[in-house]
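I have placed the structure first, in the form of structure tokens, so that the comments after it can refer back to it.
Numbering (the numbering used here), first residue to last: 33 to 100.
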């Protein structure tokens, strides 16, 4: 299975959606919404903002590896 490197993040504060490239060498713990400027952090139990708010989980999770 090919690893997907793009994910659409949806801001839980304002609902804005943005397609972003996910890093392959690190987890992204913070993400600032381009619309309302709120800084998103992963939900409890998730390793990164893509696993919490994205349409696709981060590359390490897709590859069944432990996340950062």
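The C-beta atom is built at its ideal place from N, Cα and C for all residues, glycine as well.
Quick caveat, the model's predicted, so the values are computed rather than measured.
Between the CA atoms of residue j and residue i - distance to the nearest angstrom
i, j, result
"residue 67", "residue 40", "14 Å"
"residue 92", "residue 54", "11 Å"
"residue 98", "residue 61", "15 Å"
"residue 51", "residue 96", "23 Å"
"residue 71", "residue 64", "4 Å"
Local Cβ density within 10 Å of residue i, reported as buried at 16 or more and exposed below that
i, result
"residue 46", "exposed"
"residue 44", "exposed"
"residue 81", "buried"
"residue 86", "buried"
Residues that DSSP places opposite residue i in a beta bridge
i, result
"residue 34", "Beta-bridge pairing links residue 34 to no other residue."
Problem - Unbroken stretches of the beta strand (DSSP E), 3 residues or longer, contained in the region 40-76 - result: 49-53
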